[in-house]
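Visitor: The numbering of the sequence shown is UniProt numbering, which starts it at 1 and goes up by one.
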Amino acid sequence: MSFPKSARFEPQQVSDVPGPNFYNLCQESHLDVYKRGAFLERAERFKEVPYEAPGSGTHSTVVNVKAEPKPHSKAPSNLGDRYALLQRKVEELEKIHGDGKKAHQAEVDRLKLELSRTQKANAEQAERLEKQKKQNGALEARIQDLKKTACAEQAELKDLRVKLRMSEHERSQLSLKQGEAAELKKTIHVLESKRRDEVREKDRTITDLGKSVAGERRRRETAEARLQELQAKGTTELDALSAKSQLLQEQLAQAQEETRHSAQLVSVAETDAVSKQQRALDQLEQHRVLLAEVAQEYARLAAKSCAVTAHSKLTHEYAVLQSRAWRLERKLGDSAGQVAELVNLIRHAHDTNALLVRELADLQEECQFYRQTQRVEIENMPPLWQLYDELGEAMHELHEMELSSCLSDNLLATSLTELFHLTYDELVEEHLALNTELAQERQTSRTAQVAQDHLEAELVKTRQEREQEYDQLRTTTRLVDQMTTRAALAEQQKTDLEHQLQCATQQSEAASASHKKAVQQLTETVQRNRMTEDGLRAEIGLQVEFLTSSFVMANQRSAYYSLSDEIKSLIARNELAEGEAQQLSKFNAEILGHHNPGQRIMYVDRIRRELAEFKHKHAVSVVECESVAAQNVELLRELEIYRSVSVEHKPRTAVTRISRPPLSSMNQSTTTPFWEAMPVDQRFEDFSYTI
1 MSFPKSARFE PQQVSDVPGP NFYNLCQESH LDVYKRGAFL ERAERFKEVP YEAPGSGTHS
61 TVVNVKAEPK PHSKAPSNLG DRYALLQRKV EELEKIHGDG KKAHQAEVDR LKLELSRTQK
121 ANAEQAERLE KQKKQNGALE ARIQDLKKTA CAEQAELKDL RVKLRMSEHE RSQLSLKQGE
181 AAELKKTIHV LESKRRDEVR EKDRTITDLG KSVAGERRRR ETAEARLQEL QAKGTTELDA
241 LSAKSQLLQE QLAQAQEETR HSAQLVSVAE TDAVSKQQRA LDQLEQHRVL LAEVAQEYAR
301 LAAKSCAVTA HSKLTHEYAV LQSRAWRLER KLGDSAGQVA ELVNLIRHAH DTNALLVREL
361 ADLQEECQFY RQTQRVEIEN MPPLWQLYDE LGEAMHELHE MELSSCLSDN LLATSLTELF
421 HLTYDELVEE HLALNTELAQ ERQTSRTAQV AQDHLEAELV KTRQEREQEY DQLRTTTRLV
481 DQMTTRAALA EQQKTDLEHQ LQCATQQSEA ASASHKKAVQ QLTETVQRNR MTEDGLRAEI
541 GLQVEFLTSS FVMANQRSAY YSLSDEIKSL IARNELAEGE AQQLSKFNAE ILGHHNPGQR
601 IMYVDRIRRE LAEFKHKHAV SVVECESVAA QNVELLRELE IYRSVSVEHK PRTAVTRISR
661 PPLSSMNQST TTPFWEAMPV DQRFEDFSYT I
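#1: What is the rounded straight-line gap between the Cα of Ala619 and the Cα of Ala152?
#2: Check whether the stretch 399-409 touches the stretch 346-354, taking contact to mean three or more Cβ pairs, one atom from each stretch, closer than 8 Å.
#3: Do Gly535 and Glu183 count as a contact pair if the criterion is CB distance below 9 Å?
#4: By the 10 Å Cβ neighbour count, where 16 or more other Cβ atoms means buried, how is Gly541 classified, buried or exposed?
#5: Do Glu258 and Ala451 count as a contact pair if the criterion is CB distance below 9 Å?
#6: Is there contact between the stretch 428-440 and the stretch 268-285, where contact requires at least three CB pairs shorter than 8 Å?
#7: Spatial neighbours of Ala280 within its chain, please: C-beta separation below 6 Å, excluding the five flanking residues on both sides.
#8: Label Arg218 either buried or exposed according to how many other C-beta atoms from any shown protein chain fall within 10 Å of its C-beta, with 16 as the threshold for buried.
#9: Is the stretch 471-480 touching the stretch 227-234, taking contact as three or more C-beta pairs under 8 Å?
#10: Does the beta-carbon of Leu314 have 16 or more other beta-carbons within 10 angstroms, so that it is buried, or is it exposed?
#11: Could you round the C-beta distance between Met166 and Ala513 to whole angstroms and report it? I think they count as a contact, below 8 Å.
#12: Is the stretch 130-147 touching the stretch 631-639, taking contact as three or more C-beta pairs under 8 Å?
#13: Taking Cβ positions, are Leu489 and Leu241 nearer each other than 9 Å?
#14: Pull the bridge partners of Ser167 from the DSSP assignment, please.
#15: Would Arg161 be called buried (16 or more neighbouring beta carbons within 10 Å of its own) or exposed?
#16: Pick from Gly100, Glu626 and Cys503: whose alpha carbon is nearest that of Val213?
#17: Are the stretch 572-581 and the stretch 199-210 touching by the rule of at least three beta carbon pairs closer than 8 Å?
#18: Identify which residue in Thr373, Gln228, Asp453 and Leu360 has its Cα closest to the Cα of Glu393.
#19: Just to confirm my understanding: we take Leu252, look at its own chain, exclude 5 residues before and 5 after, and list those with CB closer than 8 Å. What are they?
#20: Are there 16 or more other CB atoms within 10 angstroms of the CB of Asn344, so buried, or fewer, so exposed?
#21: For Lys586, name the three-state secondary structure that DSSP assigns.
#22: Less than 9 Å between the C-beta atoms of Thr417 and Leu321, yes or no?
#23: Given a threshold of 16 other Cβ atoms within 10 Å of its Cβ, counted over all protein chains shown, does Phe420 qualify as buried or as exposed?
#24: Going along the chain, which residues of its own chain have a beta-carbon closer than 6 Å to the beta-carbon of Glu469, five neighbours each way excluded?
#25: Starting from the Cα of Glu524, find the closest Cα among Tyr318, Ser585 and Arg573 and give me that residue.
#26: Would you call His454 buried or exposed, if buried means 16 or more other Cβ atoms sit within 10 Å of its Cβ?
#27: Between Arg446 and Leu238, what straight-line distance do the alpha-carbon atoms span, to the nearest angstrom?
#28: Rounding to the nearest angstrom, what Cα-Cα distance links residue 694 and Arg128 in this structure?
#29: Please identify the residue among Glu575, Asn574 and Glu566 whose C-alpha is closest to the C-alpha of Ser172.
#30: Using only alpha-carbon positions, find the residue among Ala225, Gln521 and Gln482 that is nearest to Ile188.
#31: CB Ala255 to CB Thr444, shorter than 9 Å?
#32: Could you check the C-alpha separation between Arg371 and His316 for me, to the nearest Å?
#33: Does the separation of the CB atoms of Ala510 and Arg195 fall below 9 Å?
#34: Where does Met483 land, buried or exposed, given buried means 16+ other C-beta within 10 angstroms?
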């Protein structure tokens, strides 16, 4: 069986079409859908890679070119090599495909970042464009204002050119008289320096004298005012001190009388209180002694005249009564007779009781004796019940007697307790009354002592105040004497200063007469200088017009700069002359208005000040115009920076760009004045001025 010499198996063709989901981008931004496919130009799949595998026509049956015949023995190895080669190529293609995917994904991420960045930049550019539009509108309005000011300045410049021509004409006329003017200026300077020195010396002397006179006047006025104030103050203080001292003396006498009266009252109250206290103590001591004696006697009697039960009762009652009696022992002085009678009754009752007891004991002894001796006659004896009845009656009588004695004792104790209660209440009331009176007397004595101390302190204080017032009176009198001496000295100094002032006024009048002559001469010289200045201005105007007409010529620039230097020197001299004229006018106004301040002529100084202010304002406005022009140039340069870009080879965006010519062409079409086109170092200055 014969096989064809071509490849046994048809090689797998690698498709150039990308696989599924190859173009599926992340759906984070749906606004960039129209930009898909714009980045396919840079993908590596469009690069032509040499394909080493056989093409699609290699396996066709129709072959135009005959292959070299190979031996049959090497066919299987050739197929294996081809398969391995194809396998390697497939792997390489897969690897290339994966790298292309990664690169494509990285490129997509990078382009997304660039897109976000460009969007932000676009937004910022839009904001800046809006701001620039607003600034452009403001600048256009400002340019219109500047154009108006430039027109006004051009008109002023024309006037200044005319004035410059006039000054040049005057300069040509004054060039002949320059020598005379120089000599005249020298003489003026010499005279002016001499006059200044003399005026300064005289002004110094006048000001020193005026200051000394004013100072002495002020001192004298202050001394007189101070003297009057001190005199008035001294008189018022002296009157007040005298009235106060009289008042204090009266108060002192009243306080002394009150202290004496209070001391007497205190001594009387103390003696009364001491006597009352002594009497109360004596009375209480007497009551205490009396109660002690009564208690002793009553205790002795009760102990001797009662039984054990009665004695215990009586001792208990005695203890109770004794405790009460200790409370009431201070008020029993008037009950001595009653107590003696009651003691006698008690003694009699106790004696009767003792006698009855003794009789009863005798009867008992007799009964016992009869029982022992007469036991034989028991039968003849009367019955015992009769004896017992008699004995019971005797005992009953004895019991009744003891009961009556106990009742009498109880009555005596109740009467004594009532008596003790009454006397105790009376004594307590008297004692309380005495204590209250004693406390009141002590309180009154204390208040009197406090009042006395207060009065003594006030007395010491008033004495100190009186001494202080006397000291102040002495110091015021001393000050009054000193002020009178100072016033006398001030009067003497015043007279001396008035004499000096009169001499100085005479000298100043003489100096003012000489100054008037010098001022008249100086005014004439100033008028001459002004005339020469007018001529110079006319000459300067002519020269400026001539220079402006032929400024470009280089041979006249040196002449112009020399003329400008001369003009500067003339302006400096003019300023010096103006300063001197200003000083002279001030001095003239001061001299003329020395004696009559209502007629001072200061209008010349005012006019010159207004002129200087106007010049200053004009210079400031010129500087402001130059700064505005510089700012305008800078803004135009910034506007020229914002050029439009060509839309070719750029993706579409939300902002449509319109191509326009740059702003440099507009600047080139406008004509600039010759002084702005010149360099800054070659621009000339306008030295014309008006008065």
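We put the beta carbon where it would ideally sit given N, CA and C, even for glycine.
From a predicted model like this one, the values you see are computed outputs, not experimental measurements.
Guide: The relevant details are as follows:
#1: Locating residue 619 in the sequence shown gives position 619, counting from the first residue. Locating residue 152 in the sequence shown gives position 152, counting from the first residue. Straight-line Cα distance between these residues: approximately 15 Å.
#2: yes
#3: The residue labelled residue 183 in the question sits at position 183 within the sequence shown. The residue labelled residue 535 in the question sits at position 535 within the sequence shown. No, they are not a contact pair.
#4: Indexing the sequence shown from 1 puts residue 541 at position 541. Classification of Gly541: buried, given that the 10 Å Cβ count is 16 or more.
#5: Residue 451 sits at position 451 when you count from the first residue of the sequence shown. Residue 258 sits at position 258 when you count from the first residue of the sequence shown. Yes, these two residues count as a Cβ contact at 9 Å.
#6: yes
#7: Along the sequence shown, read from residue 1 onward, the residue named residue 280 stands at position 280. Contacts found: Leu434.
#8: On the sequence shown, position 218 is the one that residue 218 refers to. Answer is exposed; the Cβ neighbour count stays below 16.
#9: yes
#10: Locating residue 314 in the sequence shown gives position 314, counting from the first residue. It counts as buried.
#11: Here residue 166 refers to the residue found at position 166 when the sequence shown is read from its first residue. Here residue 513 refers to the residue found at position 513 when the sequence shown is read from its first residue. With a Cβ gap of about 40 Å, Met166 and Ala513 do not count as contacting.
#12: yes
#13: Taking the sequence shown and counting its residues from 1, the one referred to as residue 489 is at position 489. Taking the sequence shown and counting its residues from 1, the one referred to as residue 241 is at position 241. Cβ distance not < 9 Å, so Leu489 and Leu241 don't count as in contact.
#14: As a first step, residue 167 must be located in the sequence shown, where it is residue number 167. Bridge partners of Ser167: Ala538.
#15: Position 161 of the sequence shown, counting from 1, holds the residue named residue 161. The residue in question, Arg161, is buried, as its Cβ has 16 or more Cβ neighbours within 10 Å.
#16: If you number the sequence shown from 1, residue 213 lands on position 213. Here the closest residue by C-alpha is Cys503.
#17: no
#18: Along the sequence shown, one-based indexing puts residue 393 at 393. Comparing Cα positions, the closest option is Leu360.
#19: Along the sequence shown, read from residue 1 onward, the residue named residue 252 stands at position 252. Excluding sequence neighbours, Leu252 sits near Leu459 and Thr462.
#20: The residue you call residue 344 lines up with position 344 of the sequence shown. So Asn344 ends up on the exposed side.
#21: Numbered from 1 along the sequence shown, position 586 holds the residue referred to as residue 586. Here Lys586 sits in helix by DSSP.
#22: As a position in the sequence shown, residue 417 is number 417, starting the count at 1. As a position in the sequence shown, residue 321 is number 321, starting the count at 1. Going by C-beta atoms, Thr417 is nearer than 9 Å to Leu321.
#23: Position 420 of the sequence shown, counted from the start, is the residue given in the question as residue 420. Per the 10 Å Cβ criterion, buried.
#24: Here the question's residue 469 lines up with position 469 in the sequence shown. Leu241.
#25: Here residue 524 refers to the residue found at position 524 when the sequence shown is read from its first residue. Per the Cα distances, Ser585.
#26: As a first step, residue 454 is located in the sequence shown; it is residue number 454 there, counting from the start. Exposed, by the Cβ-count rule.
#27: Within the sequence shown, numbered from 1, the residue matching residue 446 stands at position 446. Within the sequence shown, numbered from 1, the residue matching residue 238 stands at position 238. Looking at the two C-alpha atoms, the distance is approximately 40 Å.
#28: In this structure the chain extends from 1 to 691, so residue 694 is not present and cannot be described.
#29: Working through the sequence shown from its first residue, we reach residue 172 at position 172. Comparing Cα-Cα distances from Ser172 to each of Glu575, Asn574 and Glu566, the minimum goes to Glu566.
#30: Along the sequence shown, read from residue 1 onward, the residue named residue 188 stands at position 188. Of Ala225, Gln521 and Gln482, the residue nearest in Cα terms is Gln521.
#31: As a working mapping, residue 255 is identified with position 255 in the sequence shown. As a working mapping, residue 444 is identified with position 444 in the sequence shown. No, they are not a contact pair.
#32: For the purposes of this step, residue 371 is taken as the residue at position 371 of the sequence shown. For the purposes of this step, residue 316 is taken as the residue at position 316 of the sequence shown. Straight-line Cα distance between these residues: approximately 42 Å.
#33: Counted from its first residue, the sequence shown places residue 510 at position 510. Counted from its first residue, the sequence shown places residue 195 at position 195. No. Outside cutoff.
#34: Taking the first residue of the sequence shown as position 1, residue 483 is located at position 483. Buried, since its Cβ has 16 or more Cβ neighbours within 10 Å.
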